[in-house]
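In what follows, a single structure is set out as structure tokens and then discussed.
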Amino acid sequence: MATAVYPGSFDPVTRGHLDIIKRAAKINDQLIVAVLINSAKNPLFTVEERVALLRECCKDIPNVTVESFDGLTVEFAKKRHASVMVRGLRAVTDFENEIQLAQTNHALMPGIETMFLATSIKWSYLSSTIVKEAARYGSNISKFVTPNVENAIHAKVEQLRAEGKMF
Numbered sequence: 001m002a003t004a005v006y007p008g009s010f011d012p013v014t015r016g017h018l019d020i021i022k023r024a025a026k027i028n029d030q031l032i033v034a035v036l037i038n039s040a041k042n043p044l045f046t047v048e049e050r051v052a053l054l055r056e057c058c059k060d061i062p063n064v065t066v067e068s069f070d071g072l073t074v075e076f077a078k079k080r081h082a083s084v085m086v087r088g089l090r091a092v093t094d095f096e097n098e099i100q101l102a103q104t105n106h107a108l109m110p111g112i113e114t115m116f117l118a119t120s121i122k123w124s125y126l127s128s129t130i131v132k133e134a135a136r137y138g139s140n141i142s143k144f145v146t147p148n149v150e151n152a153i154h155a156k157v158e159q160l161r162a163e164g165k166m167f
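Numbering (the UniProt record's numbering), first residue to last: 1 to 167.
Now the structure itself:
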């Protein structure tokens with residue numbers, strides 16, 4: 001077994017992400033959930049908020065840590081002595097992009113292997129974008145996210161509305 005990195009924006013973390021985290025933690029000695037600082041995106045939550053939400057969600061999984069990073073994922077993985085990159089696949093459409101990333105990462109850092117985990121069918125339709133869109137229109141999102149994430153989303157939506165901003 002090995003140290004693995006599961007990278008993503010996690011804006012917000014969903015039950016689908018947590019499914020992948022729990023399953024990856026079972027088959028790796030250590031799992032680092034790596035929250036990407038991506039200046040090209042306009043996230044709902046700051047990186048610090050996303051890290052805090054993930055830490056709360058993962059607090060009962062002893063071999064999981066949560067960190068943020070900027071730059072290439074393979075460079076982050078190398079610095080953490082990880083030999084595995086975990087990627088979740090929801091549908092065939094995800095595979096095309098993910099295989100290209102995996103092959104590029106392997107070319108950049110041959111010592112890091114990519115492990116694809118198919119999302120449980122229960123969560124195969126779920127994405128952070130869907131959760132944010134549902135929350136924006138006041139839908140019940142409790143089946144998609146944990147209670148701490150749900151509360152944070154509702155608070156953020158209220159804050160943005162009060163500021164006259166929409167996401």
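All residues carry an ideal CB built from backbone N, CA and C; glycine is no exception.
Buried/exposed call for residue i, threshold 16 Cβ in 10 Å
i    : result
M85  : buried
K132 : buried
N105 : buried
R50  : buried
A40  : exposed
P7   : buried
I112 : buried
Straight-line Cα distance separating residue j from residue i
i    : j    : result
N63  : C57  : 13 Å
A107 : H154 : 42 Å
P110 : V5   : 15 Å
P12  : F95  : 22 Å
K165 : R55  : 28 Å
Q30  : Q159 : 36 Å
T114 : R161 : 40 Å
A34  : I121 : 24 Å
H81  : S139 : 42 Å
T129 : A118 : 19 Å
Segment limits, alpha helix (DSSP H) that includes residue i
i    : result
G88  : Per DSSP, G88 belongs to no alpha helix (DSSP H); it is in the beta strand (DSSP E), V84 to L89.
S142 : Where S142 is concerned, there is no enclosing alpha helix (DSSP H), given that its DSSP letter is neither H nor E.
T129 : S128 to R136
I99  : V92 to L108
Assumed close pair residue i, residue j - CB separation to whole angstroms, cut-off 8 Å
i    : j   : result
G88  : I20 : 4 Å
N148 : L53 : 6 Å
For residue i, the first and last residue of its enclosing beta strand (DSSP E)
i    : result
A118 : E113 to A118
P7   : T3 to G8
I121 : Run containing I121: none; DSSP gives neither H nor E here.
Whether residue i touches residue j by CB criterion (9 Å)
i    : j    : result
K90  : Y125 : Checking the sequence shown, residue 90 turns out to be Arg, not Lys. The answer is yes: Cβ separation under 9 Å.
S68  : E98  : no
T65  : N28  : no
F116 : A134 : no
L36  : T146 : no
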